[in-house]
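A.B. asks:
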Amino acid sequence: PLVFAGNGWLLKSKNLDALKDTDIKGKTVVIYSKDFYPDGVTQADLFSGKLGKAFVDWIEPLSYARERGAAGLIIIATPEDEENWQNQRRQRERGGAAVEKFTQISISKNRNIPTIVISRDAAENLFQGESIAFSEINRLSEANLPLPTVALGKTASYTVQSKIDKASTQNVAAVWEGNDPVLKNEMVAIGAHYDHVGTNPNAKGEDKIWNGADDDGSGTVAVLSIAEALAKSPKRPKRSVLFVWHAGEEKGLWGSEYFNRFPTVDIKSVVAQLNIDMIGRSRKAGDTNPKNANLTNETEVYVIGSEMMSSELGEITKTVNNSFLNLTYNYKYDDPKDPNRFFFRSDHFNYAVNGIPIVFWFDGVHEDYHQPGDEPQKIDYAKMERISRTIFLTLWELADLKERPKVDKQLPPELTVR
Numbered sequence: 010p011l012v013f014a015g016n017g018w019l020l021k022s023k024n025l026d027a028l029k030d031t032d033i034k035g036k037t038v039v040i041y042s043k044d045f046y047p048d049g050v051t052q053a054d055l056f057s058g059k060l061g062k063a064f065v066d067w068i069e070p071l072s073y074a075r076e077r078g079a080a081g082l083i084i085i086a087t088p089e090d091e092e093n094w095q096n097q098r099r100q101r102e103r104g105g106a107a108v109e110k111f112t113q114i115s116i117s118k119n120r121n122i123p124t125i126v127i128s129r130d131a132a133e134n135l136f137q138g139e140s141i142a143f144s145e146i147n148r149l150s151e152a153n154l155p156l157p158t159v160a161l162g163k164t165a166s167y168t169v170q171s172k173i174d175k176a177s178t179q180n181v182a183a184v185w186e187g188n189d190p191v192l193k194n195e196m197v198a199i200g201a202h203y204d205h206v207g208t209n210p211n212a213k214g215e216d217k218i219w220n221g222a223d224d225d226g227s228g229t230v231a232v233l234s235i236a237e238a239l240a241k242s243p244k245r246p247k248r249s250v251l252f253v254w255h256a257g258e259e260k261g262l263w264g265s266e267y268f269n270r271f272p273t274v275d276i277k278s279v280v281a282q283l284n285i286d287m288i289g290r291s292r293k294a295g296d297t298n299p300k301n302a303n304l305t306n307e308t309e310v311y312v313i314g315s316e317m318m319s320s321e322l323g324e325i326t327k328t329v330n331n332s333f334l335n336l337t338y339n340y341k342y343d344d345p346k347d348p349n350r351f352f353f354r355s356d357h358f359n360y361a362v363n364g365i366p367i368v369f370w371f372d373g374v375h376e377d378y379h380q381p382g383d384e385p386q387k388i389d390y391a392k393m394e395r396i397s398r399t400i401f402l403t404l405w406e407l408a409d410l411k412e413r414p415k416v417d418k419q420l421p422p423e424l425t426v427r
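According to our numbering, the residues represented by the sequence shown are 10 to 427, in order.
1) Compare the Cα-Cα distances from S91 to each of N194, P348, E145, S332 and report the closest residue.
2) The alpha helix (DSSP H) with M196 in it runs from where to where?
3) Which full runs of the alpha helix (DSSP H) of 4+ residues lie inside the stretch 60 to 91, going along the chain?
4) Could you tell me which whole beta strand (DSSP E) segments of length 3 or greater appear in the stretch 365 to 409?
5) Please report the straight-line C-alpha distance between K415 and G295, rounded to a whole angstrom.
6) Taking K260 as the reference, which of N269, V197, I218, T178 has the closest Cα?
7) Please name the residue, chosen from I83, T164, W370, that lies closest to I313 on a Cα-to-Cα basis.
8) Would you tell me roughly how many angstroms separate the C-alpha atoms of M287 and E406, rounded to the nearest one?
9) Can you name, in chain order, every residue of its own chain whose Cβ lies under 6 angstroms from the Cβ of S28, other than the five neighbours on each side?
10) Counting only runs that start and end within the stretch 326 to 351, where is the beta strand (DSSP E) found for 3 or more residues in a row?
11) Looking only at its chain, what residues have a beta carbon closer than 8 angstroms to the beta carbon of S144, apart from the 5 residues adjacent to it on each side?
12) What three-state label does DSSP hand T229 in the structure shown?
13) Quick one: is the Cβ of A281 within less than 6 angstroms of any heavy atom of the ligand FMN?
14) By the three-class DSSP mapping on this structure, what secondary structure does H205 have?
15) Measure the Cβ-Cβ separation of L304 and H379 and say whether it is below 7 angstroms.
16) Using the C-alpha atoms, what's the distance from E258 back to I116?
17) In whole angstroms, give me the CA-to-CA distance for V232 and R398.
18) Have a look at G162 and I83 and give me their C-alpha separation to the nearest angstrom.
19) Decide if R413 is buried, meaning its Cβ has at least 16 other Cβ atoms within 10 Å, or exposed.
20) Check the DSSP bridge columns for E309 and list the partner residues they point to.
21) Using the C-alpha atoms, what's the distance from R245 back to N209?
22) Could you pull out every residue in the same chain whose Cβ sits closer than 6 angstroms to the Cβ of D3, ignoring the five residues on either side in sequence?
Here it is, written out as C-alpha cells:
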C-alpha cells in the first residue's frame, strides 16, 4: 500500500508532523517538496541545534519513515532533479553508502529501507484516479502551503538485493600555530580530499583502477606543499593554520561533515576555509574533445564561493591574485543556480553551511573525470604550482588580517541543501 505524506518531515518547532496519526507500518511512503528542507529552514539551523535535537525534535523524511516502520520510500523528483537526472542516475547506480559511526544514532540505519526517485511524469500517473492530483500537490508545494497526508489506492512492489561491505577511514588534521599571542587562537583552514572512487572490476579495458591524480591528488599534494612552505618559512603568520585532508568526499562529503559536526578544534575559531579540489589539468590549444570544453587553460582556474558569504574574502582573493601571478580567475560556476551544482560537490560545502566563509579552486571537468585515465602523467605541474603559490599567499594574507573576514551576507537558501 502507498501513502502520500507531504514532505515527510517531523519538525516540532514548526508544528510539522507529516506522519501524525498515520499508520505507515509495512507501507511505502511517497513524499514531495520543492525543497528538501521545510520552508524557512536550512541545514545550518538543524545541525547547529537551533531547532532542537536530531531524532528527538526533528527527523528528516527517510529516517522518519524508517522509524515509523515504512517498507520503503518513493521520492518525487523536483524540476531541478530532472534537469540533473543523469547525475542522479549515475549516483544511484554506484550503490548506496552510509556512515556507521557518525552520530549517537547510527546513520546506516537510516538507509536500510528501499528508496526510489521517480519522475514527475510517473508521479502524474501515480496520482491518477486519487483524491488529489499531482498538479495540486505541486501547486501547494510551490506556494509553501501544507501538503495533505493521503492513503493512495495503489500498491507498489519491488525487489532489492544488496551486499554490505564495511570499511573504516579517517581525516588527517594538523595545526601550524600562529605567532600572535591573541590571533593565534583563530585559524585559517585549508583542505583537500585524499580519497577517490576506487576500482571497478567491470570497467572496459585493462585498467580497473581510478587513481584520481587530479581528483583530488592535485589538491592533496597542494595542501601538503603549502604546509611544507609554511614550515620552512623563517616567520609565522599571525593566525594559526588548520590543515585537514578529508576522507570520504566521493561518498558524500563525509569527512568534512564529520569534522564540522565533531571538530578537533574550536570550529568557531576558523575564520575562513580554502578548499582545493582538482587544480592539475589544462585544456591545450587545439583540443576539440567536447568533454574538455569546460576545462580551464594553463593560466586559468575556476573560483567558486569567495563572495557568497563575505565581500571582504572575495576582494582579498582577487587582490592577492592580481598582485602576484595574475591568474585568470573564472567565476562561471560562482552562481547559486549553477546547474552543475559544483558548490555542493566538494568539502567546502560543510564549512559554508556551518557559517564559515569559503573559497573553492577548481580546474573543471575533463575527459578523465572519474575515469581510469586520471593519471599523474596528465597533470600540468606548472599550472598546479602557480595555483598553489597563489593559494599560499591568499592564506597568509587572511592569517595576517587585523580582524577576521566579515561575514556580511547570508548564504543563499538554495546553497544550503544538497
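All C-beta atoms in this analysis are idealised placements derived from N, C-alpha and C, irrespective of residue type, glycine included.
On a predicted model such as this, the values are computed, not experimentally measured, just so you know.
C.D. replies: So, from the data block:
1) Per the sequence shown, residue 91 should be read as Glu rather than Ser. For the residues N194, P348, E145, S332, the minimum Cα distance to E91 belongs to P348.
2) Note, M196: premise wrong, no alpha helix (DSSP H); beta strand (DSSP E) at 196 to 202.
3) 70 to 76
4) 367 to 371
5) 43 angstroms
6) T178
7) W370
8) 23 angstroms
9) Sequence check: residue 28 is Leu here, not Ser. Closer than 6 angstroms at Cβ, skipping near neighbours: A14, R77.
10) 337 to 339
11) E133
12) helix
13) The ligand content of the structure shown is nil, which means the ligand FMN is not present either.
14) coil
15) no
16) Interpretation of I116 is limited by its pLDDT of 41, a score under 50 that renders its predicted location unreliable; the figure taken from the coordinates is listed afterwards. Roughly 16 angstroms separates the two Cα atoms.
17) 10 angstroms
18) 15 angstroms
19) buried
20) T337
21) 45 angstroms
22) With the chain covering only 10 through 427, there is no way to say anything about residue 3.
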